[in-house]
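Quick notes on the structure that follows.
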Amino acid sequence: MTDIPVIYFLWVSAFLFATGLSILLLKKNTIFILMGIELILNAANLNLVAFSKNDHSLQGLYLSIFVLVVGVCEMAIALAIVLQVYRNYRAIEVDQFKSEY
Amino acid sequence: MSQLVIAFLVLALLTCGSALSMLWTKNLLHAALAMFLTMLGLAGLYVLAYADVLAVAHLLVYVGGVLILILFGIMLTNQTDPATGKNHLMTRESGRLLPISIGLSFFLGLFWLFTKGPWINNLPVTGDSKLREVGLGLLTEYAFPFELAGVFLLIALIGATFVAKSHD
Numbered sequence: 046m047t048d049i050p051v052i053y054f055l056w057v058s059a060f061l062f063a064t065g066l067s068i069l070l071l072k073k074n075t076i077f078i079l080m081g082i083e084l085i086l087n088a089a090n091l092n093l094v095a096f097s098k099n100d101h102s103l104q105g106l107y108l109s110i111f112v113l114v115v116g117v118c119e120m121a122i123a124l125a126i127v128l129q130v131y132r133n134y135r136a137i138e139v140d141q142f143k144s145e146y
Numbered sequence: 044m045s046q047l048v049i050a051f052l053v054l055a056l057l058t059c060g061s062a063l064s065m066l067w068t069k070n071l072l073h074a075a076l077a078m079f080l081t082m083l084g085l086a087g088l089y090v091l092a093y094a095d096v097l098a099v100a101h102l103l104v105y106v107g108g109v110l111i112l113i114l115f116g117i118m119l120t121n122q123t124d125p126a127t128g129k130n131h132l133m134t135r136e137s138g139r140l141l142p143i144s145i146g147l148s149f150f151l152g153l154f155w156l157f158t159k160g161p162w163i164n165n166l167p168v169t170g171d172s173k174l175r176e177v178g179l180g181l182l183t184e185y186a187f188p189f190e191l192a193g194v195f196l197l198i199a200l201i202g203a204t205f206v207a208k209s210h211d
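See below:
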């Protein structure tokens, strides 16, 4: 059975990266922006996995596991920060964060 | 066209289509649902790239963890609409033209780069599950980074609970 070429994975990951970047630039809700960051991280992960398919020492696969862990940590901390920001400003849209002092 | 390529096409369509609907919708909950579908498709793509360990970890972490975290975030930062009394889930956007054109140009540039690159298409192909190698590697050669990742996760979760508690 013929294998899937690496370039197909690269196309999908380029698409995911572009979509995540558009979400980052387009949306004003902070949680939405975090979802865009997750899409970009997963595009990078897909690249790492696709190249490690041809690598016998599997370094890309190990790196992608650590990227996964760091992505989860980033998401937990970022949502905690969003919660605190919401308590202070009563808003979660990025252009409503204005200092009152 | 082999069955493997057909499966790849279906999964890639699922992933890209739900990512696009995430970009298109303004409703936060619809975006969370679309992100769920994106993560499912991505796990399938990881399986097709022979990274089944990563696919299972990805499903556990994203569908089981991050998505629930996002739903809690939406719930806790909820605002009711003063006019109708219903939940306000629609997010505002800056103008659609500029961000989407920037994203499209990034996609076309990367597509051109990947397609023109002479260094991709002639790679050798190996095909089997990497489960055994990854398990051995994580406990021998990469044992220290693995433990470090665990401690890092612990620190991040304790820090997140500390940040999220009320500091009155």
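Listed in order, the protein sequences are those of chains A and B.
Heads up, the first sequence is in my numbering, so the first residue is 46 and it goes up one at a time.
Heads up, the second sequence is in my numbering, so the first residue is 44 and it goes up one at a time.
For every residue, glycine included, the Cβ atom is placed at its ideal position computed from N, Cα and C.
In this structure, A:I126 and B:V206 form a Cβ contact; the two beta carbons are roughly 6 Å apart against a cut-off of 8 Å. The Cβ atoms of A:A123 and B:L200 lie no closer than 8 Å to each other. Neighbours of A:N74 across chain B, judged by C-beta separation under 8 Å: L71, T134 and R135. Sequence-distant Cβ neighbours of B:L72 in its own chain, meaning closer than 7 Å and more than five residues away, are I117 and L132. About 6 Å separates the CB atoms of B:F79 and B:L110; that is less than 8 Å, so the two are in contact.
Between A:I85 and A:L66 a beta carbon distance of about 7 Å is seen, short of the 8 Å cut, so the two are scored as contacting. DSSP places B:H131 in the strand class (E or B) of the three-state scheme. The CB of B:G107 never comes closer than 8 Å to any CB in chain A; the least such distance is about 11 Å.
Counting of Cβ neighbours within 10 angstroms places B:K129 among the exposed residues, the total staying below 16. The Cβ of A:Y131 sits closer than 8 Å to at least one Cβ of chain B. Taken in chain order, the unbroken stretches of alpha helix (DSSP H) that lie wholly in the segment 48-119 of chain B and span 4 residues or more are 71-91, 95-101 and 110-119. Listed as beta-bridge partners of B:T123 by DSSP are B:N130. Distance from the Cα of A:A88 is smallest, within the candidate group A:Y107, A:S58, A:N74 and A:A63, for A:S58.
Taken through DSSP and simplified to helix, strand or coil, B:K159 comes out as helix.
In the DSSP annotation of this structure, the continuous segment of the alpha helix (DSSP H) that includes B:F195 starts and ends at A186 to A207. Annotated as distal: A:S102 and B:L97, with beta-carbon spacing of 8 Å or more. For A:L103, there is no enclosing alpha helix (DSSP H), as DSSP marks it with neither H nor E. Three or more beta-carbon pairs drawn from the segment 139-158 of chain B and the segment 49-64 of chain A are found closer than 8 Å, and the two stretches are therefore classed as touching. Taking all protein chains in view, the Cβ of A:N99 is surrounded by fewer than 16 other Cβ atoms within 10 Å, so the residue is classified as exposed. In the DSSP assignment, A:N74 is bridged to A:E138.
The beta-carbon distance between B:A86 and B:L102, rounded to whole angstroms, is 5 Å. This is short enough to meet the 8 Å contact definition. Judged by their CB atoms, B:D211 and B:Y93 are not nearer to each other than the 8 Å cut-off. Where B:E176 is concerned, the enclosing alpha helix (DSSP H) starts and stops at L174 to L182. Rounded to the nearest angstrom, the gap between the Cα atoms of B:Y105 and A:N133 is 29 Å.
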